[in-house]
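Quick note on this note's numbering: the sequence shown kicks off at 1277 and runs consecutively.
Beta carbons are placed, not taken as given, at the ideal position from N, Cα and C, and that holds for glycine.
Quick caveat, the model's predicted, so the values are computed rather than measured.
Report on one structure; see the data block that follows.
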Amino acid sequence: MPDSVTSQLSNYYDEVPYESHPFPQTAAEHLEAIAFLFGLDVPPPARARVLELGCASGGNLIPLAARFPEATVVGVDLSAVQTRQGQAAVDRAGLSNLRLRQFDIAAIDEAFGQFDYIICHGVYSWVPAAVQEAILRVCSRNLAPQGVAYISYNVHPGWKSREIVRDAMILRGGPRDEPGEKLSYARGMLEFLDQSARPGSVLKATLEEMMPVVRSASPSYLMHEFLEPCNSPCYFKEFVARANQAGLAYFADAEPATMFVQNYGEQVRAPLLRECGGSQVMMEQYLDFLVNRSFRQSLLVRQERASQIRYRLDPDRLRQLEYAGVFFAEDGGALTLDAREQPCHALRNLKVTLRLPVHKAVALVLDERYPASVGVDALITSVAERTGEPRAQVDAFVMAMLEELLILGAVRIRRAPVDAAVHVAEFPRALASVRSAPDLALASGPQAQACNQWHEQVPLSVIERCLLPLLDGGHSHQALADFLADEARAERLRFIKDDQPLTDDEALRDFTRQQVALALKDLRRKGLLTAA
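Have a look at this one:
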């Protein structure tokens, strides 16, 4: 890109660092599972080569490199400030398989090497057209023959209305020099418009949709989404055409539930199936209009692999996946194996209704094991034992239910087992990356967070953070409680009961035992305890 634009963007990201943290939808294990679902075999992440374009300070790559020490992981970003900060954290964490580099995406050529997974999150729409072309070129020429590329970007029609908000924010905030002042003036513009817009007008409707976002989002998000020098949404169909020209083929969204037309109701399903003539791209473009989509996360492969893509789900492939899910009754009660219908909430707060005992048994097994995954054979065996039904009959019900839950987006999938703890062990063990490397906790103090085995941020309480370094498989629950009590006596922790500091030794012992039990239960459910 021209030096002036390069300098402008580089300075912008140095002054306003992009939030750097894990994005679960970009995890190599997730991309591997989705590719397999649609007929494509890709390299296992454990020894893969992974490249992230626009890596910021490495928050999305550090946990991946920690999970897979035999993988080779590279991140590039235009911001020297962020890459230096990130590489310092990488070095302190002792991750020899990860390197962060300040580098212009447009300068990457074949000599940079080939990668099994290329990730580009939050970059494509926010750079000039020449860099967009470079991103697609890199995702084509530097992608290994069996590899997968991930690119996220803003799309129309959803961004049509957001452009009004962006233009208004730039009008008032753009001329300001200091980032905080720029954002303050931009927000003030929207507050003024929200108070003054005529009821029923297009502007008022747009602001009613966007003001909750503007008021609650982080300053970093607002600066980069609405006040950045570049933001160029496109239609999905246009993006796919550009990818095709670069030698790439679209095969899936990173959230595959959005692809299945049956999730939008029969009145939508039947007409679109007739209209789109088997074209998945046309189907999804129509759905973008239907739901006013504003953001996409597209997965691409080399064009020569397009003939291998299969959108009809293959029962044999479904049997080879690992599944995980959460289910709790809508009324707050326990799931029971009787014959009455039971409405439930699942992952992403999706609503499902469990109608048969076998359905409830599937939900119970998945929920009890979560965040660990379970293979199909083990799931069928457990459900058959709980219901007393013949295995062959259970098999058919389980497979039909898993396919339905997968289409709905109510279960998570992986190719390899997620070996999270199913129960809290007598001598619990946490993920080594989180236990031994403070830099992998993404924030400090009461708001500390860490990355779990599903590549997602989870919050850490003060007590959980205190306990994590000791969760090495060598400390009993009592030893952990004694540690907390010692910390309280040394006044490094304070426990309050009935508005008074807890100082009595017996009361302190009882209280710390309770706190250890609660913390370990929560750490297990958060996916931070390992099976072994």
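For residue i, list the residues DSSP reports as bridge partners.
i, result
"Tyr1599", "Val1650, Ile1689"
"Asp1449", "Here residue 1449 is Gly; the residue named in the question, Asp, does not match the sequence. DSSP, once it has assigned bridges, lists no residue as partnering Gly1449."
"Val1424", "Tyr1393"
"Thr1806", "Ala1696"
"Asp1529", "Ser1574"
"Ala1726", "Val1734"
"Phe1604", "His1621"
"Lys1797", "Paired residue(s): none; Lys1797 is not in a bridge."
"Leu1524", "Arg1578"
Please name the residue in the options whose C-alpha comes closest to that of residue i.
i, options, result
"Tyr1526", "Glu1580, Phe1571, Gln1361", "Glu1580"
"Val1650", "Pro1619, Arg1691, Arg1662", "Arg1691"
"Ala1347", "Arg1375, Gln1363, Ser1355, Thr1359", "Arg1375"
"Cys1506", "Asn1430, Tyr1426, Thr1534", "Asn1430"
"Glu1328", "Asp1317, Val1350, Gly1456, Ala1311", "Val1350"
"Leu1678", "Gln1390, Val1567, Val1638", "Val1638"
"Val1352", "Cys1331, Phe1344, Glu1665, Gly1362", "Cys1331"
"Arg1413", "Ser1555, Glu1598, Val1478, Ala1522", "Ala1522"
"Lys1636", "Phe1771, Asn1625, Cys1552, Gln1618", "Gln1618"
"Gln1573", "Gly1398, Ala1481, Glu1767", "Gly1398"
"Leu1336", "Gly1362, Arg1323, Ala1582", "It is Asn, not Leu, that sits at residue 1336 in the sequence shown. Minimum Cα distance to Asn1336 is reached at Gly1362."
"Cys1727", "Glu1501, Phe1604, Leu1799, Lys1480", "Leu1799"
"Leu1316", "Leu1796, Ala1615, Ala1761, Leu1594", "Leu1594"
"Ala1311", "Arg1578, Arg1765, Val1357, Glu1386", "Arg1578"
"Pro1488", "Arg1438, Leu1744, Ser1508", "Arg1438"
"Gln1786", "Ala1766, Leu1804, Phe1565, Phe1759", "Note on identity: in this sequence residue 1786 is Asp, with Gln being the wrong assignment. For the residues Ala1766, Leu1804, Phe1565, Phe1759, the minimum Cα distance to Asp1786 belongs to Phe1759."
"Glu1484", "Asp1367, Val1441, Ala1369, Val1326", "Val1441"
"Asp1564", "Leu1794, Ser1583, Tyr1540, Gly1553", "Tyr1540"
"Leu1747", "Met1558, Ala1807, Ser1494, Asn1373", "Ala1807"
"Tyr1599", "Glu1409, Asp1643, Glu1386", "Asp1643"
"Leu1744", "Pro1704, Ala1766, Lys1773", "Pro1704"
"His1306", "Cys1742, Pro1693, Ile1384", "Pro1693"
"Gln1408", "Ala1519, Ala1757, Ile1656", "Ala1519"
"Cys1396", "Ala1369, Arg1645, Leu1419", "Leu1419"
Residue i to residue j, Cα distance in whole Å?
i, j, result
"Val1641", "Glu1732", "22 Å"
"Gly1749", "Asp1695", "15 Å"
"Ala1342", "Gln1729", "11 Å"
"Gly1456", "Ser1496", "10 Å"
"Val1792", "His1751", "12 Å"
"Glu1702", "His1753", "7 Å"
"Met1499", "Ala1783", "50 Å"
"Ala1405", "Pro1320", "33 Å"
"Leu1548", "Val1537", "8 Å"
"Lys1436", "Ala1533", "24 Å"
"Ala1672", "Ile1585", "25 Å"
"Thr1629", "Leu1804", "30 Å"
"Ala1582", "Asp1614", "46 Å"
"Val1700", "Leu1589", "36 Å"
"Pro1509", "Asn1568", "13 Å"
"Ala1766", "Pro1433", "59 Å"
"Pro1777", "Glu1763", "13 Å"
"Ala1369", "Ala1324", "20 Å"
DSSP state of residue i, grouped into three classes?
i, result
"Gly1434", "helix"
"Phe1512", "helix"
"Thr1663", "helix"
"Gly1351", "strand"
"His1621", "strand"
"Glu1328", "strand"
"Tyr1429", "strand"
"Pro1777", "strand"
"Ile1656", "helix"
"Asp1317", "coil"
"Ile1772", "strand"
"Leu1743", "helix"
"Asp1748", "strand"
"Arg1375", "strand"
"Leu1707", "coil"
"Thr1612", "coil"
"Val1407", "helix"
Could you round the C-beta distance between residue i and residue j to whole angstroms and report it? I think they count as a contact, below 8 Å.
i, j, result
"Val1602", "Leu1623", "5 Å"
"Glu1560", "Phe1515", "No, Glu1560 and Phe1515 are not in contact; Cβ-Cβ is about 11 Å, not under 8 Å."
"Tyr1587", "Phe1314", "6 Å"
"Ala1309", "Leu1340", "The Cβ separation is near 15 Å, so there is no contact."
"Gly1423", "Tyr1400", "About 18 Å; that fails the 8 Å criterion."
"Leu1576", "Ala1530", "Contact flag wrong, Cβ pair sits at about 11 Å."
"Leu1503", "Gly1464", "That belief does not hold up - the Cβ atoms of Leu1503 and Gly1464 are roughly 13 Å apart, past 8 Å."
"Gln1378", "Ser1296", "Actually they are not in contact, since the Cβ atoms of Gln1378 and Ser1296 sit about 14 Å apart, beyond 8 Å."
"Ala1819", "Val1687", "Nothing about residue 1819 can be reported from this structure: the residues present for the chain run from 1277 to 1808 only."
"Ala1795", "Ser1737", "7 Å"
"Thr1779", "Ala1761", "Actually they do not touch by this definition, with Cβ atoms about 11 Å apart."
Less than 7 Å between CB atoms is the rule here; does residue i satisfy it with respect to chain B?
i, result
"Arg1688", "Here chain B cannot be found, since the structure has a single protein chain."
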